[in-house]
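Q: Residue numbers (the numbering used here): -8 to 88.
We put the beta carbon where it would ideally sit given N, CA and C, even for glycine.
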């Protein structure tokens, strides 16, 4: 993966060459997937492997880009706790906008 500057590796192997213990789809070492590919022109395991890889890359990218203002989060939590203590648990802490 390093020499290809890739974030994810997908190995597509003909179903006749894959051990039965692997099944049709197996994840290895985090960001690597081996999938069994039949003679079908649109193999489902390969399509699933691509979608899983894409979903994980997108999720990691969004996670890296997300910034949380911890100070604001603490302040809002304290504010809601205070409101709850003053008004009791029967009041809605998060009113609809």
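#1: Using a Cβ-Cβ distance cut-off of 7 Å, determine whether residue 45 contacts chain C.
#2: With H, G and I counted as helix, E and B as strand and the rest as coil, what does DSSP make of residue 4?
#3: Would you say residue 15 and residue 36 are within 7 Å of each other, going by their C-beta atoms?
#4: Whole-angstrom Cβ separation of residue 26 and residue 44, contact assumed at under 8 Å?
#5: Going by CA-CA distance only, name the one from 29, 47, 34 and 66 that's closest to residue 18.
#6: Please classify residue 28: does DSSP put it in a helix, a strand, or coil?
#7: My output table needs one value for residue -1: the three-state DSSP class, helix, strand or coil.
#8: With a threshold of 8 Å on Cβ separation, who are the neighbours of residue 39 within its own chain once the five nearest residues in sequence on each side are excluded?
A: Judging by the given coordinates:
#1: Here there is only one protein chain, and chain C is not present.
#2: strand
#3: yes
#4: Wrong, their Cβ atoms sit about 10 Å apart, outside the cutoff.
#5: The option with the nearest alpha carbon to residue 18 is 47.
#6: Residue 28: strand per DSSP, three-state reduction.
#7: coil
#8: 16 and 26
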